[in-house]
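Chemist: Mind having a look at this structure? Questions to follow.
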Amino acid sequence: MLNNIKPKTGRLLISEPFMTDPNFERSVVLLTEHDEEGSVGYILNQAGNLLLKDVIQDLWAADNQIYFGGPVASDTLHFIHRSYEKLQSGEEIGNGIYWGGNFETLKILINTNAIEENEIKFFMGYSGWDNGQLKKEIEQNAWMVSDISNPDIIFGNDDEQLWRDVIVNLGPKYAHVSNFPTDPSLN
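Counting from 36, one number per residue, gives the positions in the sequence shown under our numbering.
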């Protein structure tokens with residue numbers, strides 16, 4: 036295995052540098068659920084072409100970027116946030132980060148500018164693994180696992196830099212991986 040940290044809710048999955056699956060190339064996935072039945076997460080660094088106001092008609096002020104959360108149920112909208120005190124709902128996944136919540140309350144907060152874009156992130160679709168599937172992929176070195184060192188990076192919008200930053204955060208043993216070219220033949 037590339038590292039010895041085990042996956043669990045609230046941790047990050049970091050794709051290995053040469054992953055060929057286009058859905059997960061150089062991706063960072065936040066695990067929002069991980070148990071004996073499987074795992075669910077959202078890709079944090081694949082911004083889509085839509086804004087929230089393009090998808091939800093009555094959110095006229097919502098310039099929030101919608102991210103590609105993963106290839107499962109790509110016609111569904113999901114969100115994570117760090118504003119429990121404002122939203123008063125959501126399932127805590129760790130480090131003050133919450134998954135989901137009351138969408139009607141969220142719409143009011145967005146339309147009244149009571150919630151900042153850096154407090155929330157939206158996704159179309161999600162990433163999912165059946166029981167044992169993620170463990171097998173980790174054993175095959177498809178993923179590295181990391182704790183979240185700084186929750187601010189989760190809500191940032193520098194998609195290319197996020198993958199590098201979380202790898203460097205794993206320590207000096209892994210830092211060199213962050214400089215691998217996308218195409219090794221260019222090295």
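Cβ coordinates follow ideal geometry from the N, Cα and C atoms, glycine included.
1) Below 8 Å on the Cβ atoms is my guess for I155 versus T67; work out the distance and round it to an integer in Å.
2) Assign Q100 to one of three DSSP states: helix, strand, or coil.
3) Would you tell me roughly how many angstroms separate the C-alpha atoms of Q175 and N38, rounded to the nearest one?
4) Give the DSSP bridge partners of M179, in chain order.
5) Within this structure, are the beta carbons of L47 and I173 separated by less than 9 Å?
6) In its own chain, which residues sit with a C-beta less than 6 Å from the C-beta of I40, not counting the 5 before and 5 after it?
7) Alpha carbon to alpha carbon, how far is E60 from G135?
Modeler: With the given structure in hand:
1) Not quite, the Cβ-Cβ distance comes to about 14 Å (not below 8 Å), so this is no contact.
2) strand
3) 11 Å
4) M179 pairs with I49.
5) No; because the gap between Cβ atoms is not below 9 Å, this pair is not in contact.
6) V180
7) 25 Å
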